[in-house]
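*Asks:*
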Amino acid sequence: NDIWPGHSPDLNVAECIGSIIKDEVETKMLSETEYNRYHEDTLKMYIENVLTSMEEDTELFETLLCSYPSRLRTVKNANGRHTDY
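Written as structure tokens, this is what we have:
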């Protein structure tokens with residue numbers, strides 16, 4: 148696809164949420180003993196725990212959604228070049 152640059156800014160809040168979930172699950176998995184760290188059941192448990200804890204975190208979702216104007220302004224000011232997003 149020639150329309151979208153390969154390193155376009157990440158403006159999709161769903162990807163931000165996915166990254167948060169990944170980071171939290173990874174942190175929890177790394178705190179496990181080496182034996183438990185590689186069990187599928189342990190991974191499922193931590194994913195479920197993180198998702199459950201996020202269900203009530205309306206502040207997180209509100210913050211991400213309210214960040215759109217700032218994200219768009221940053222991309223516009225950078226003329227589509229690299230940003231922190």
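Numbering (the working numbering), first residue to last: 148 to 232. Glycine residues also receive a C-beta, built at the ideal position from the N, C-alpha and C atoms. Keep in mind it's a predicted model, so treat the numbers as computed, not measured.
1) Please report the distance separating the alpha-carbon of threonine 230 from that of serine 214.
2) State the CB to CB distance for the pair leucine 198 and methionine 176, rounded to an integer number of angstroms; the pair is presumed to be in contact (CB under 8 angstroms).
3) Compute the beta-carbon to beta-carbon distance between leucine 219 and valine 160, rounded to the nearest angstrom, for a pair I have assumed lies under 8 angstroms.
4) Tell me whether threonine 180 sits in a helix, a strand or coil according to DSSP, three-state version.
5) Under a three-way DSSP split, which group does asparagine 148 fall into?
6) State yes or no: is the C-beta of glutamate 171 within less than 9 angstroms of the C-beta of tyrosine 193?
7) Look at phenylalanine 208 and isoleucine 168 and say whether their C-beta atoms are less than 9 angstroms apart.
*Replies:* In short:
1) On the sequence shown, residue 230 is found 83 positions in, with the first residue counted as 1. On the sequence shown, residue 214 is found 67 positions in, with the first residue counted as 1. Near 14 angstroms, if we compare the C-alpha coordinates of serine 214 and threonine 230.
2) Here residue 198 is taken as the residue at index 51 of the sequence shown, counted from 1. Here residue 176 is taken as the residue at index 29 of the sequence shown, counted from 1. The Cβ separation is near 15 angstroms, so there is no contact.
3) Numbered from its first residue, the sequence shown carries residue 219 at position 72. Numbered from its first residue, the sequence shown carries residue 160 at position 13. The Cβ separation is near 12 angstroms, so there is no contact.
4) On the sequence shown, position 33 is the one that residue 180 refers to. Note: threonine 180 maps to coil in three-state DSSP.
5) Working through the sequence shown from its first residue, we reach residue 148 at position 1. Below a pLDDT of 50, predicted positions are generally treated as unreliable, and asparagine 148, at 48, falls in that range; the measurement from the model is reported next regardless. DSSP places asparagine 148 in coil when its eight states are reduced to three.
6) Counting from one through the sequence shown, the residue named residue 171 turns up at place 24. Counting from one through the sequence shown, the residue named residue 193 turns up at place 46. In this structure, tyrosine 193 lies closer than 9 angstroms to glutamate 171 by Cβ.
7) For the purposes of this step, residue 208 is taken as residue 61 along the sequence shown, with counting starting at 1. For the purposes of this step, residue 168 is taken as residue 21 along the sequence shown, with counting starting at 1. Cβ distance not < 9 angstroms, so phenylalanine 208 and isoleucine 168 don't count as in contact.
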